[in-house]
Structures are given as C-alpha cells and as structure tokens.
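Residue numbering for the sequence shown follows the UniProt record's numbering, starting at 1 and increasing by one per position.
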Amino acid sequence: MAELVVSAATGALKPLLEKLAVALVEEYKRFKGVPGEISSLTRELEAMHAYLLKMSEVENPDVQAEACMNEARELSYDMEDCVDEFLLRIGDKAATPDGLIPKLKNIIITKPKARRQIAKVIEKLKIQAKELGERNARYKTHETISKTSSAHVDRRALAIFDNASKLVGLDRPKEELTEHLTNEDGLVPLQPRKVITIVGSGGLGKTTLANQNILCQLSNEPHPNIQIWNMQVLIMKINDALRDKRYLVVIDDLWTKEAWETINCALYKNDKGSKIITTTRMYDVAKACRSSDGDFFYEMKPLGRLDSKMLFFERLFGSEDKCPDHLIDLSDKILEKCDGLPLAIISISGLLASKAPTEDEWGRVLNSIGRGIAKNLDVKNMMQILSLSYFDLPHYLKTCLLYLSVFPEDSIIDKKRLVRRWIAEGFIHKEQGQTLYQLGEGCFNELINRSLIQARGIHMYGEVRACQVHDTILDFIVSKSEEENFIRVFGDGYYQIMHGTDSKVRRLSLHASSKEKASTLTQLNLSHIRSVTVFDYSVELPLWTKFRFLRVLDLQGCRQVEGHHITDIGNLFQLKYLSLRETGVCELPQQIRMLQYLQTLDLKNSKVKTLTASITQLRRLIYLAVDKGVKLPDGTESMSELEDLECVDILKQSVDFTRKLGQLTNLRNLSIFFSSDDCSSATEESRDEDYTSNIFSSLCKLDQLHSLSIDIDPNRTQDFSLDSSGSNAPAALRRLEIMGHFISKVPNCVRSNVYLQDLTLHVKKIEVKDVRSLGRLPALVSLGLVVDRSFVGGCLTTISGADGFQSLQHFYYGCAIPITFMSGAMPKVKKLALLFPIKTFNQLPK
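Right, dumping it as structure tokens:
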C-alpha cells in the first residue's frame, strides 16, 4: 500500500508533502519566492519523514529519540492545519472547492496578495522544521538506534523449562495432535510426508530458527563455510541430508507464506512417514501449510472456564479451594476479562500475587484492566510479547490497529463504521482498480488474520461484520496511542497521561459520563483536534462546531444530541465523517451543504424523516444511510460519487427519483424497501406498477452495483417479480438478497448471472429446474433458499454431484418439501442449515 497517508508513525507529513510539492513546486515554478521556499521546506520534511519511518521500527527508542519523534509528528499536524486554515481564510467561502490542491493553485495564480501571504507562511514553517532538526542534532548521541537497547529475555524460552504439571488445558489438544503424529496404517509401507499446523492468537512468543543449526543437527557434520552459502545452496544441502531419513521437524512461529514456501523447499518429500509441525498466528500462513489432504489444521482455542480457574488459582494459591471467599466474585470478573487467554491469566495472576489479598486491591486491578494496566511493571513481559505482533505490522496496519483504542473495552465494533472512519482520517490511500472501502476492508481482514482483533457478528454465510479487541491488546494499543499522542482516551476511570498544558489533542475518545469528569475537558488543548467520538451519556458535550480542523465527528448512540448541537456544523469545512445514528436529531440544518468534503453521513435510527434539499450539494458523499420512511430530495441523482446507499423506501420517494436512480453509476451497494401497498383503486395499482418498473429499469443501468438487498413488507398484496419489467439484474452483481415477502419464483435474471456469489431468496414455490439452474452458477458460494410453507405441490428435491454447486460453501434451506443429497453433492460445503416444519418429518416413510 502506498505511504501517502496519515499514519501514527509519521503524522500528516505525507499529505502535507503532496499539497506543497505537487501543487506548487512542479507546476508553478514561475512565481517568484514561493516555489523556492517550498522546495527547501519539502527537503526538510522528506528528511523528517525518513527519520520517523526508521525510528518507528525501533521497539525501545531512547528518551531523546522519542522526544524528537513526538515533536516531529506534532509539527507535521500543525503545518497541515496551517496550510488548510490559510486556504479557508483567503479563499472564496461561497465557492464550491474542487479540492485543496486545485484551490491552492487557483489562489496563487489569481491573487498576488495571497502569494505574498503564503510565502510568509511557508517561511515560518521552514524555520520551525529547521530548528527541530538542528536542536536534535545538537543533543544527539550515537546510540539512538542501538540494537541491544530493546533486547530482553524471551519469556517463551523460560516456559519451555517450566514444570509440565503446570500446563493447563492442553490435554485434549495434545492427545489430538499425538494421534495425528503417530496414527499410521501398518498395511501401507510407504506413507507421504504430513504437515500438522497449529494456528492461534499472539501471546505465545516467537522463536527464530537459525539455518546453520538446522543443517548441523540434520547431518551431524561441521560446515565451516556455511555463512557464505546462498539460499539455493542451503536448500540443496538440507534436501540431501533428509533424502533417506524419516524426520520430525518443528517450525515455531511462522510469520509469512513466503517463509513457509522457502522452508518447505528444503524439507525433502520422501515416503518415510515424516512429520512437520508448524505454529503460526496467521490464518493465511496456516492455510498455505496445508497443501495435501493428509495435512492437519488445528486451531487453538481459549481456555474454558474450568481450565482458566485452575490456572489462575494454582498460580496464586496452589489450588482453587484455597482462595479466600471474599475474593471469589472478583476472581470470576477478572477471569472474564482475561477471556481464556493463558498469557493474560498468568500475567494478571502474577500482578495479584504482589498485592494484598483484599477486595480493594483486587478491585483496583480489575478496574485497571484495559485502562492503563500496561504501565504496571508486573505485566511488562506480557506487553513485550504483544509488541512482537505489533512491530511486525507494516506502517499502515499499525495505524489502523492503534485507531481501535478509540472504542471502549468490550465494544463490538461494526466493520463498516470502522473502515469508513479509517478512510476519513486519511489512513487508506486509493490504489488503481480498488475503492477505498475495499482497501480498508482488506486491512480489517488482515488484522483478523493476524489474530490481533477477534471476528464478531459473523453472518450465517461466513461474512465477518464486526470485530472485538481483547482487553490485553486494547490495553497495549491504548498505552501506545497515548504515548504517541495519536489518540487521547478520556473518561471515567481511565488512566490519563499528562502531556503538558501545551500538548494538542489530535483525536479524542470521550467516555466521560459524570459531570465532574466531563468538565475537566477544559484543561485539554482541543484547538487542533481532528476526530471526536462520544460514547454513552455525557452531561456536558464539547462545542465541536468550533473545531475547524475536525475530520471525524461520531456521535452514534448519544441520545442527548439534538438539532441545536449541530446548528453551526457548516464551520467544519474539513469534515469527512458525520454519524448521527441513534441520536435525537430531527432534521439537518441548511448549513449541511457547506460540508464539501463529507464522505459519510449516517442517519440510521435517528429522528430524521425528511432530508433537506441542500444535501444534494454534497458532491463527494460516498455513503448515505437513512431509515425506512425517510424521503430523499429530488436531485439526489446529482450526488454522483455515492457508492453505498441504504435504506431507500421506494414508495416514499417521488416518481422522478425512481426514474433517475440509474444516474448514480458509482453505486456499489444498495438496499431498498418496498412498504405495504395500498392498491384499493386502479390509480394506486397503476402507481405501484410504475414505481416498480422504474426502479428495475434504473437498476439495470448500475454497472458497478455489486450488492443489492430488497426488503419487501410481508403485508404487501401486489405480486413482486424482478422479471416483471423484462429487464436483467445489474451485470456486475455479486450479492442479491430478496426477503420479507415471498416472490412468485426464482427470477430469470438470476439464472444467468455468472458472477453471483451470495444469493438469498424467499419464494412461493421451487421446482427441480430451479435447483439445477442455481447449481450451474459457477461463482455461487452462499445460498439461502426459503420456500413458503404453504407450498406442498412439489416433489422430493434431490441434489447430486451432477447438479453443480461446485463452489458452494454455505447452504441455508427452509421448505416443507424434504431434500436429499446424493454422493458428490456440494463438495465444498462447510455450513449446512436445513429447516422443515415438524409435520414434514411425521410424513416421511419409516
């Protein structure tokens, strides 16, 4: 991923460089004074950026380096704010800007006074940058990036020599793995090599296996010149040493598929019944290790309740029955926070062992989990182990992970909400051929794959819709975020790092519910804040309309927020993300049109029923979410950048809207609702038919539409069919969902869609030809088929290998007609759900 993004490591340096260098130096060299100053400043900033990238890889930088890094990041934010404010101050506020860079170009060409002003601004910024570099050079020591500064004992190495009787919860996994290691068919003299892969979350440590040691142990021969061998020679030597041997190799903590591919080349594939055990935190690495049917994949699970208690109490008291009665309830709550993670249980029990066994002391530890416990020296080893996974991340993923510290502990974080916030903050940079959301979703999936966040809200067909951060990981990233002044978590009971009165808060996560705590917000410098998130009920709310550099304003769930709180929202000229979901806001102000950079507007479950016509001037809006019953203004089709629109109540819109919906050619995700019709007259019936025909005619024009969800009121009397208009479904459609009301039959347009991957239909009847046509869809991975229970005229449905469904992995079937599966049917299916009325089973032959 390109690095032209805001990041935790480098602050706003890259966006700032882009604004300065691209807009001015390259294209406007003829303007005296300005380009020269900017060129000089650009060189300073580039050097600063390289320094920050280099230092961000150092796990424990010295005090001076850390201070310099923090100052450089803060300076980058201040510089970008300075440029943005300058543009706002001298620009035409009434004009609709086409972007900061084009606007800056226009200013320099047309306004001589502005050229002189920006020259002074740039000169001031250059002086600040040079002073920072000179100050750091004056006091610089030559030990800033010492490789030994971060050296520490590998805690896993000590655990190897721990008493085996202390291992808890491993009996069953050990038996299962032993079976796969020793289970052999005595009738088969030659057996292929088998790979056993163990995958699980971080916290188990990491071992580096030196190539030299492997070879020497295999061949029992000294190799004095091994250090000059290249990879190809080394692989050949190991291959030769293993050719005639039956071997057992353990490869601990694999991090990449490429590493496995290299190691796998060196391990000779003979028929001696050899075994390879690999462990990894990465799910894609684990899948890469499983290359044949004989290979075994074992996913480590958290400890169960009984094993967790056994480990916890044995570490503290020797056994559970020795725990004092007054600590039993607190113990249960602490173990709930540890969530079955052995590393967390061992670390927290070690911390408690140093405390007095009183309710007050244990209560303080309980309340500090996820709220600054990382500052305690007794859990430093756990933080060091977690940092292994963190420092292995590329810069953009580090930033995305740290951003999760915005959310309170135990939060279930919606994927869409998180990804759109990443985009608004500038963490995701657009790449050719993919949308920003697709790239952000890739980051989300990669964090799950690395076991740094936990998948939650998993759809019946396997789609992950949300995530959760384990409290121990949250504690680590909150600590890291506050140290770097990346995010300030402010709330009841939260540990607060004092950065000094002059320290500017860049991103604020407000959890304060008490008036006393909220009132202390006045002590923070919020003048340059970029992101505000408010959770829970707060008696006093900050005046965010004065935060002119705000990019993200997330008020989801704050019922006390009403219309007067957003009266002056037009002042937030940089705002890109606005969530009023689940608030008390009834209407949007006319000033909403001034938010020309707004990308996300979330109004779900608010009290907004009608949108102001001025919203159509938001030409950069990408995501718009409203409730059923909300009327969209005419002119919505002019919002040409819209990619995601939910949920449009079709019969509440004007007929003009239904005809022009097809002009939103960038739409990728659309959810629409057909409310209960009132066809008591011929006029009403004709109107309903016109709306339906217009909508499906418009849908056919949406060439980029990938996901279409149609929700139909069950009380609707008019029949509903995608085929009624004679039009086909959008050609690029990957996901189609029609539910709520049973449509007459499987639509013809579905049968020919070779790209369709996810299909959910509620139909009045099903026939054999329907099953066979669906089976021929080559890309279909998930199928949900629910048939009206009144349908009894069909025959027994049989699915065989000849019926297709070669890619299907998830099948949900609800029907009064039984179904049978023949040998070879649905060869890749992983999840199968069959629902039948009880009477169906009573009618089956005995």
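By construction, the Cβ of each residue, glycine as well, lies at the ideal position given by its N, Cα and C atoms.
Interface flag, residue i vs chain D, CB-CB below 8 Å
i, result
"L601", "You won't find chain D in this structure, because it holds only one protein chain."
Start and end residues, alpha helix (DSSP H) containing residue i
i, result
"K416", "415-425"
"E314", "305-316"
"S451", "Segment: none, S451 is in no alpha helix (DSSP H) and carries neither H nor E."
"R465", "Premise fails: R465 lies in the beta strand (DSSP E), 464-468, not in any alpha helix (DSSP H)."
"G775", "768-775"
"R659", "655-660"
"L13", "13-17"
Straight-line Cα distance separating residue j from residue i
i, j, result
"R488", "T262", "43 Å"
"C400", "A424", "12 Å"
"R619", "T636", "10 Å"
"H511", "S823", "57 Å"
"L132", "E123", "14 Å"
"S509", "S531", "8 Å"
"L418", "G801", "41 Å"
"A356", "R450", "37 Å"
"K275", "L303", "27 Å"
"Q718", "R687", "12 Å"
"residue 933", "D690", "No answer is possible for residue 933: it lies beyond the span of the chain, which begins at 1 and ends at 846."
"D339", "K301", "11 Å"
"D410", "D475", "12 Å"
"Y597", "D554", "16 Å"
"A129", "R135", "10 Å"
"E646", "E431", "26 Å"
"R735", "E582", "28 Å"
"S527", "L595", "19 Å"
"I743", "L759", "14 Å"
"C68", "L75", "10 Å"
"I615", "E641", "13 Å"
"G462", "L808", "12 Å"
"S782", "L575", "38 Å"
"T820", "M826", "12 Å"
Residue i - containing beta strand (DSSP E), residue span
i, result
"E336", "E336 -> not in any beta strand (DSSP E); alpha helix (DSSP H) instead, spanning 328-338."
"T262", "Where T262 is concerned, there is no enclosing beta strand (DSSP E), although the alpha helix (DSSP H) it sits in stretches over 257-266."
"H810", "810-814"
"L402", "That residue, L402, is in no beta strand (DSSP E); its alpha helix (DSSP H) goes 395-402."
"Y283", "Looking at the DSSP string, Y283 is not in any beta strand (DSSP E); the run it does join, the alpha helix (DSSP H), is 283-289."
"V763", "758-763"
"K831", "831-835"
"L533", "The question names Leu, but residue 533 in the sequence shown is Thr. Taken as a continuous stretch (DSSP letters only), the beta strand (DSSP E) holding T533 covers 531-534."
"S709", "707-712"
"K275", "275-280"
"D475", "Element bounds for D475: not the beta strand (DSSP E) but the alpha helix (DSSP H), 471-483."
"V505", "Per DSSP, V505 belongs to no beta strand (DSSP E) and is neither H nor E."
"L785", "782-787"
"I672", "669-674"
"C647", "644-649"
"R488", "488-490"
Those residues which DSSP pairs with residue i across a bridge
i, result
"N753", "In the DSSP output, where bridge partners are listed per residue, N753 has none listed."
"T798", "T820"
"V434", "A small correction: the amino acid at residue 434 is Gln; Val does not occupy that position in the sequence shown. For Q434, which the question treats as bridged, DSSP gives the partners E431."
"R735", "S707, D758"
"I743", "V763"
"D554", "T533, S579"
"E74", "Bridge partners of E74: none, in fact."
"K546", "For K546, which the question treats as bridged, DSSP gives no partner whatsoever."
"D244", "Bridge partners of D244: none, in fact."
"I251", "T278"
"N525", "K504"
"L510", "F490, V534"
Nearest-angstrom beta carbon gap, residue j and residue i [assumed within contact, 8 Å]
i, j, result
"L733", "H762", "Contact doesn't hold; Cβ gap of about 18 Å is too wide."
"S349", "L316", "5 Å"
"K272", "R246", "4 Å"
"K745", "K764", "7 Å"
"S579", "D602", "4 Å"
Cβ-heavy atom distance, residue i to the ligand ADP, below 7 Å
i, result
"K828", "The ligand ADP is not part of the structure shown, which contains no ligands of any sort."
Legend entry - Those runs of the beta strand (DSSP E) which lie wholly inside the segment 561-636 and span at least 3 residues: Listed in chain order, the complete beta strand (DSSP E) runs (minimum 3 residues) inside the segment 561-636 are 577-579, 600-602, 623-625.
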